[in-house]
Every structure is written in structure tokens, then in C-alpha cells.
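Position 328, counted from 1, in the sequence shown is what my numbering calls 329; the numbers after and before it change by one each time, with no gaps. Heads up, the beta-carbon is just placed ideally off N, CA and C, and yes, glycines get one too. Take a look at the structure set out below.
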Amino acid sequence: MDHQRYGLGLILAGIVAWGGSLARGEGAFPPALVCLKPTFEFGSVAADSEIEHRFVLTNQGSRAITISNVHVTCGCTKAVMTTNHVAAGGMAGLDVTISLKGRRGHLLKSIYVDTDDPGNPALRLEVTGTVLVPIEVQPEGIHFGTVGAEGTIQREVLLTATGTNVFHIRSVSASSTLISAKGETLEEGKRYRITVSSEGPRAYGSTMASVRVETDLSRSGQVDIPVAAFVAGDIVAAPGVLLLIPTATNTVRTSRITLWSPASKPFKVTKVECPGDGMTATISSVSADRSLVEVKTWGALTGKDGASLRIETDLATMKEVRIPVRVLSAQRREPVLEKP
């Protein structure tokens, strides 16, 4: 009898100790944030609309979980958590909004939720579907590749009405004097050909421009066709495009451009012209056939997007190199959280 009482006491003590460890989170299941439906398929929708969806996240662990960040893969996607703290067994919502403006064809967007879940610290969610457009563009952009400074280069793009849509071209324009574009009717209301050309001489370096086609469609009636080319010469610059991010007035960002001669021709950079205020450039010679340009930028960089950094050299066969400037939107990496 005493042995039975002793054994029962040990069992009860073990249960009490196990319960106490659970209360303190010792030996409990770790936090585990899951989504039973991690992929949302919105089907086929018209362009220029918005997709809205709420992902339901559940903490299947026995301890609370903390959401530290939410990452999206592009600026067209917004993700908002209803809370950044999910109790054991609790749930939270992630509201996702995707703008389809300018999108076409198959779409796949990923959202990453960073947590203190030791088993899956970055939960991946997906939104996918098809964006229907009234005008199909083939190809969607033109890349001439590496071309010479002289001669004529030309490419074609076909615009085709989808389904029962009918459209007519009102105007065709180019964003740069380096290229020209014209439209031609193949089938009235249904099919058109856009011919994009560039006449020499062309400035050495990377060229980025676009062709805009205005149509009479009330919705999604504007088509933008990106155009790119690299004009090779005796001097090559890297990167070929200067990507800049706006900052506060007292915050300075530094970018570096390396110039070299593939044929090992000696040269010097004699001058760098920046497109307006908020930018300065310094020149340093690395070797006889290689130089470095250091660009410092600050402020909003208004009017810089689409401009060019003009670099002059003393090489007779390549007096000038132009570097296109692109200004990116500054995006915060912190999660967007609402109060529970």
C-alpha cells in the first residue's frame, strides 16, 4: 500500500511540474506561424483594377509569436498586418492590396512575413492570376543590344486588340531624340505595327528611352514600350545606368562609375557634367586605361530621372560618354502595422 501511495505521489508531482513548465514556456511547443491557404488565385481580371485579399495566419505553437517585418517584391503591392503579436493558438490577418495598373498577362507576387518562428522565420505567401488587357503588345519592349555609333537600327512591335476590343491609334511619340517611332495599320481597329528606329551618330554608352502609343480606348488605352541599347566604343562604363535614391537634404549617397578601354587605349577623364543641383562628381585615374568617377547625391533629385551624366575624355575616338540616370522611389523596409 505504501508503495502504491509513493508511486501515485510521483505521478502527481510530475504532472504538476510539467504543467508549471508549460506555464513558463519551458518544454512547450515553439511558436509556429502557418497559413492554411498560402496562395491566393484571383483568376482573370481586367487591367488597371486592384486585387484585395486577407491571408489568415495562425500560431500553432504554445508560445506567442512576434512579427518583425513584412516584405513585398514591388511597389505595386501593399501588405498590412492587423497585429504584430500573435498569442499561442491565436490568429492574425494580413491584408494585401495589389495595383494592376500597367500589368499584363500572368502575375505572381510574393509577400514575406518575418517572425521569431525558429522553424520558418520567413513565411512566404503568394498572389497569382492573369491580368487581361485590351491590347496585346509583342514584344513588350525593345532591346537593340550592343550596337555601333553609326548606321540605322530598327525594330518592330505589334499591337493587337484582344477579344471583342476595337481601338485606333491617336498618336505615337518617343521620349528621346535618339529614337523615332511611327505607326502603321495592318487591320483597321484590330492590328497595328509600331516601327522604332535610331539613326547614327549615337552617343557611346547605355541608352534608355520609351515609345508611347495613345489610343482611343477609355481604359488601358495608353501603351508604353521601353527601348534600350548599348552603344559600344573604345571606352566602356560600368554600371551603364546610374541608379539614384532620393534622400534628406543632409544625407549624402555615393555612387561609383568605372570607365576602361577594352582595347587598352590610354585616356583621361577631363570633365564630368552633372544634370543640375544635388549632384557632384570627382575624377580619379586608376591606370592609363582606367578611371573612376565618384558621384555624390543628396536631396529629392527632382528632374534627374531620365537625364544623363556627361563624361568627357581626351580619347580622340571617344570624346564623350553619357550615363543615363534613373531615380528610384525610396521605400521603407519596416513592416506596416495597424493597432490590434
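Look at the alpha carbon of residue i and the alpha carbon of residue j, and state the distance between them as a whole number of angstroms.
i: Thr216; j: Gly201; result: 30 Å
i: Leu302; j: Leu245; result: 8 Å
i: Leu133; j: Val46; result: 6 Å
i: Ser172; j: Gly44; result: 33 Å
i: Val326; j: Arg220; result: 31 Å
i: Leu187; j: Cys36; result: 50 Å
i: Trp261; j: Ala210; result: 25 Å
i: Leu54; j: Asp225; result: As written in the sequence, residue 54 is His, which differs from the Leu given in the question. Those two C-alpha atoms are separated by around 29 Å.
i: Phe268; j: Gln155; result: 32 Å
i: Gly106; j: Arg257; result: 37 Å
i: Arg192; j: Gln223; result: 15 Å
i: Pro122; j: Ser111; result: 15 Å
i: His169; j: Gly152; result: 32 Å
i: Arg323; j: Asn60; result: 54 Å
i: Arg104; j: Ser288; result: 46 Å
i: Thr131; j: Thr281; result: 45 Å
i: Thr129; j: Leu160; result: 25 Å
i: Gln139; j: Met82; result: 39 Å
I need the DSSP call for residue i, collapsed to helix, strand or coil.
i: Val134; result: coil
i: Thr183; result: Before going on, a small fix: residue 183 reads as Lys here, not Thr. Note: Lys183 maps to strand in three-state DSSP.
i: Asn121; result: coil
i: His86; result: strand
i: Val167; result: coil
i: Ala175; result: strand
i: Gln139; result: strand
i: Leu108; result: strand
i: Leu329; result: coil
i: Ala80; result: strand
i: Thr74; result: coil
i: Gly146; result: strand
i: Glu188; result: strand
Report the partner residues of residue i according to the DSSP bridge assignment.
i: Thr153; result: Glu200
i: Glu42; result: Thr129
i: Gly62; result: DSSP lists no partner for Gly62.
i: Gly94; result: Val57
i: Ala47; result: Leu133
i: Ala162; result: Ile136
i: Thr69; result: According to the sequence as given, residue 69 is Ser; it is not Thr. According to DSSP, Ser69 bridges with nothing at all.
i: Leu34; result: Asn60
Enumerate in chain order the residues of its own chain whose CB-to-CB distance from residue i is below 7 Å, with the five nearest sequence positions on each side excluded.
i: Cys77; result: Ile99 and Ser100
i: Gly304; result: Gly277
i: Thr283; result: Glu295
i: Leu316; result: Asp235, Ile236, Lys266 and Phe268
i: Ala175; result: Ser181, Ala182, Ala210 and Val212
In its own chain, which residues sit with a C-beta less than 8 Å from the C-beta of residue i, not counting the 5 before and 5 after it?
i: Glu321; result: Ala204, Tyr205, Arg311, Ile312, Glu313 and Thr314
i: Ala179; result: Per the sequence presented here, residue 179 reads as Leu, with Ala not at that position. Same-chain partners within the cutoff: Ser199, Arg203, Ala204, Thr208 and Ala210.
i: Leu58; result: Leu34, Val35, Cys36, Val87, Met92, Ala93, Gly94, Leu95, Val114 and Leu124
i: Met319; result: Tyr205, Gly234, Asp235, Ile236 and Phe268
i: Ser309; result: Pro276, Arg323, Ile324, Pro325 and Val326
i: Gly142; result: Ile226, Pro227, Val228 and Ala229
Sorted by chain position, which residues of the same chain lie with C-beta nearer than 6 Å to residue i's C-beta, five sequence neighbours on each side aside?
i: Ala230; result: Phe145, Val148 and Thr208
i: Val328; result: Leu245, Leu302, Lys305 and Asp306
i: Lys272; result: Glu313
i: Pro39; result: Leu126
i: Ser177; result: Ala210
3-residue-minimum beta strand (DSSP E) runs that sit fully inside the segment 191 to 261, ordered along the chain | 192 to 200, 206 to 216, 223 to 232, 237 to 239, 243 to 245 and 254 to 261
Enumerated in chain order, which unbroken segments of the beta strand (DSSP E) with a length of 3 residues or greater are wholly contained in the segment 262 to 327?
-> 270 to 274, 280 to 288, 291 to 298 and 309 to 314
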